[in-house]
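Read in order, the letters of the sequence shown are residues 1 to 888 in full-length UniProt numbering.
Glycine included, every Cβ here is placed at the ideal spot set by N, Cα and C.
It should be emphasised that the depicted structure is a prediction, and the values quoted were computed from it without experimental measurement.
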Amino acid sequence: MLSSFRKQDKKDEESSTSGNPYKNLEKASVLQEARTFNETPVNTRKCIQILTKIIYMINQPEMGEQLGQTEATETFFAMTKLFQSKDMMLRRMIYLSIKEMSTVANDVIIVTSSLTRDMTGKEDSHRGPAIRALCKITDASMMQSVERYMKQAIVDKLASVASAALTSSVHLMRHGPEVVKRWVNEVQEAVNNDNIMVQYHALGLLYQIRRSDKHAIRKLILKFSKAGLRSPFAYCFLIRTAANLINEEGEGTDSPMYDFIDSCLRHKNEMVIYEAASTIVSLKCVTPKELSSAVNVLQLFISSPKPVLRYAAVRTLNKVAIQYPAAVTACNVDLETLITDSNRSIATLAITTLLKTGNEAGVDRLMKQISSFLSEISDQFKTVVVDAIKSLCQKFPRKHTVLMTFLANMLREEGGYEYKKAIVNTIISIVEENPEAKEAGLAHLCEFIEDCEHTSLATRILHLLGREGPRTTTPAKYIRYIYNRVILENAPVRAAAVSALAKFGAASEELLPNILVLLQRTTLDQDDEVRDRATFYYQLLKHNDKPLNSAYILNSMNVSISSLERLLHRYTMESTTKPFDVRSVPVEAVPVEQPKANISIVSGVSPGGSESKKAREDTFSEQLSVIPEFAHLGPIFKSSLPVDLSESEVEYVVRCIKHVFSHYIVFQFDINNTLNDQLLEKVTVQMDGSAEGFEVVHYTPCQVIKCNDTGSTYTLVKLPDDSSAVTGALACTMKYTVKDCDPATGEPDDEEGYADEFVLEDVEVSVSDHVQKVLKPNWSASWEEIGAENELEDTYTLPIPTLEECVKKIISYMGMQPCERSDKVPDGKASHALYLAGVYRGGHDVLVRAKMALGGTSSDPGAQAITMQLTIRSTDESAVQVIASAVE
């Protein structure tokens, strides 16, 4: 018994020492300990520990024990007494503490003399850190005093001192760029230093000095590319700088900059060779033909004995395979040897690259190789493989059986939530994009939810079954799987299962009697949500009314939840007998999928996306609500994406956002004043749309736009009285008062200024500005729900060569959402039907059916045309006319 207690004590001791010793620091006790700095002689070991605690507190603000300015200043003054110690470790901690405390304490410049003495002293180990600390506390007023010392340090024979001076000079560029530019001769001398790090740091500082002059940067690259630099880091820096010039200037592969990067593929250093290869494959101007030289180099690295080279090569080839899979095909034999690599990261990247570049015949063999490989890797790498299988299924849709079976087997294995979620998402995407894979995918998902432990995945699968199941050849077979969830699962899953059952009953008259029985049983459920859903759907389905089923079961309301909540709250606060109109609620538009770019293949970290639509809507609503003239307009129906009305190189860069209301449009003009010697006042954008029937009601000026600043002005325009004529072009002219300013201070030289104007491009108001995209899961039911009361049908001949292009243009012109995957045109088809859904300004549903066929008669005898039968239905007659005008 005693021995067991001793073992437990030992474990507790080990666990306590293995943690963070500074986790529970208290500011008061640390400041108390700091009094040790005043003791004589200096206790070196104890002082180092105290300084470490202080640095930790400064860099861990979440601890809640932040040093105040007064406390930091007192501690800093006490710390300066430690300069009397000659201990090397303590001195280096002092330098580090000075840099950290310079942002918190006052009067840190009192240590300037001590640091200057150290940086010019005979102790070499002190000189470099002293330079870094001195430059950290140096501001613009002190630049002149340190200039002489910095010039000497840059050309110092000791590499550590020269590097410290050069890197510190880069930071000093922010405070006194004009002073640092005077050191250019010393910096050029440092570029010729034999030390590779000094050479690299000198080249970086030289670039910073000349970065505003692209011609000088070009000369810099050409000069040092021929000079034979020793430093591979310097070469890598030159390669990246050359690549930036090529991309910014839009140069091609015939430029001297590209020739330099290409020549680095034959460098003797592997780092430079890889940097050149990875840069070439990422250039915008490179075509698949020009990729061959870089791919050949990466192919050699694949067989390198060094794991880091193999990893770098296969990771870069993986990125190339996303856009140019054919260019990587030549490496497939070498990539297959990496599948059994001892480094699992390399093996994973090799597998995913092969999945992107392999041919259809080799899919089966690849799947067998992956099966033996998956058990040895973590869920993170398995998720990467799943994403690669998804892209492979998009590339070879006929192989969906093999790939779907493989994914289903992965789904049965052990794994975490993110891993299972990735597989489910992949199967769902395959089901949605490939009609032939629908029933097989639904069957696999039905088996998975029998043992699914994750509520969110189960509810998503049930939602998919409710949407896609009724459209299969034998929808009855899915009822058992869904009703089992009502019996066996938790409340959220049971509620989702009830909704799925209701969709089967609404879509199939044969299954309706059985669904009613199951829903009636569920009305006795113990959970309120499940019971209420079952009761609601049972009462709806009992009437067997198709328009009701479409409106409340098959197609849900497409409204913004946050806007609905806000408007309902406002409605309850008002004393009115008028019923609440749901059509006044802004539509929840279909989110636009952003293109994926520069995604880290292994880590799975995607770049920060743009602001969500909800945040964007709320921001615009708040901005406009504070302007009294816009108070009567009501909620925003739609806000467009920004449109440029001027060139990006001119003095005033203007962008326009159109905020559409029920009877008005507010044009928001964001104006960027790029001049540093002019201030703009009373800025408005005058608009003329009288010829089109648009009436300008009010201008809200921007009172001041300072130098290098952005401001917004608004123009309120009333839509034409003719509800069917709401498109046109409005001429725009920016009018303002200019005041010349002092570039240094930004203060105006003239009190009055002078009037001026700036002509902008016209603003186009198109049909798509009046339509919001909405997704109708069951488009056919909505088509029947609206009926033929407001219907327009016409036939058009369009001079468009392909069905794919025709589909894209119709969607763009009308600004509506394609439904039931009708935007995907099957290969080899001579005809196609496009189904669109949207909401017209004012809350009126609009549906469009466009039947297209190749073989129309074009005005150009040599060109192919498309015949299109267009049918439009809406709950509003004028909306039909407006939508039809998009094609005319």
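Continuous alpha helix (DSSP H) stretch holding residue i: start and end
i	result
N549	K546 to N549
G505	A491 to A507
S885	E877 to S885
K46	T44 to N59
E33	K27 to E33
Y258	P256 to S263
A276	E270 to S282
Q299	S292 to I302
E385	It is Val, not Glu, that sits at residue 385 in the sequence shown. Where V385 is concerned, the enclosing alpha helix (DSSP H) stretches over D379 to K395.
R266	Segment: none, R266 is in no alpha helix (DSSP H) and carries neither H nor E.
R485	I479 to L488
E565	I561 to M573
H400	H400 to R412
I553	Neither: I553 is in no alpha helix (DSSP H) and is coded neither H nor E.
K809	L803 to M814
C-beta contact flag for residue i and residue j at 8 Å
i	j	result
T116	L90	no
A497	L462	yes
T715	V685	yes
I110	M119	no
V774	N558	yes
G529	A491	The sequence shown places Glu at residue 529, not Gly. Closer than 8 Å, so yes.
V717	V738	no
L792	A725	no
L540	I553	yes
L245	I217	yes
Y478	L488	no
A788	R873	yes
P232	V272	yes
A311	I351	What sits at residue 311 in the sequence shown is Tyr, not Ala. Contact: no.
A234	L265	no
A437	V386	no
L633	F661	yes
Y840	V765	no
L206	V180	no
V585	S560	yes
L501	Y481	no
R240	D194	no
Enclosing beta strand (DSSP E) for residue i [first to last residue]
i	result
S874	A865 to S874
T715	D709 to K718
T795	E791 to L798
Q84	Looking at the DSSP string, Q84 is not in any beta strand (DSSP E), and its letter there is neither H nor E.
M734	G728 to D740
L680	Q678 to D688
Q66	From DSSP, Q66 is part of no beta strand (DSSP E); its letter is neither H nor E.
R841	That residue, R841, is in no beta strand (DSSP E); it is neither H nor E in DSSP.
H659	Y652 to V660
A755	Y754 to V759
Y538	Not the beta strand (DSSP E): Y538 falls in the alpha helix (DSSP H), residues D528 to H543.
Residue closest to residue i, alpha-carbon to alpha-carbon, out of the options
i	options	result
A830	L854, E805 and V286	L854
F37	T287, A28, C47 and V30	C47
Q864	E450, A850, S874 and E805	E805
A165	M150, H175, P177 and R174	M150
I322	L730, P288, T572 and N544	P288
Q369	P397, I339 and A361	I339
S562	V587, E761, D545 and T576	V587
T522	L548, F536 and D364	F536
P129	V146, K99 and M143	K99
S102	I54, D124 and R148	I54
Legend entry - At least 3 beta-carbon pairs within less than 8 Å: the segment 798 to 805 vs the segment 748 to 762: no
Inset, instruction - Taking 8 Å as the threshold, find out whether the segment 212 to 223 comes into contact with the segment 256 to 265 through three or more Cβ pairs. - result: yes
Legend entry - 4-residue-minimum alpha helix (DSSP H) runs that sit fully inside the segment 94 to 124, ordered along the chain: 112 to 119
Legend entry - Whole beta strand (DSSP E) elements within the segment 208 to 252, 3-residue minimum: none
Inset, instruction - Report yes or no: do three or more beta-carbon pairs, one from the segment 389 to 397 and one from the segment 421 to 435, lie closer than 8 Å? - result: yes
Legend entry - Any alpha helix (DSSP H) of 4 or more consecutive residues that is wholly inside the segment 312 to 374: 325 to 328, 332 to 337, 344 to 357 and 363 to 374
Inset, instruction - Indicate whether the contact test is met: 3 or more Cβ pairs, each with one atom in the segment 375 to 386 and one in the segment 404 to 422, closer than 8 Å. - result: yes
Inset, instruction - Check whether the segment 728 to 735 touches the segment 832 to 847, counting contact only when three or more Cβ pairs, one atom from each stretch, lie closer than 8 Å. - result: no
Inset, instruction - Only counting runs of 4 or more residues, tell me where the alpha helix (DSSP H) segments fall wholly within the segment 165 to 193, in order along the chain. - result: 177 to 181 and 184 to 191
Legend entry - Runs of alpha helix (DSSP H) wholly within the segment 445 to 481 (minimum 4 residues, chain order): 455 to 468
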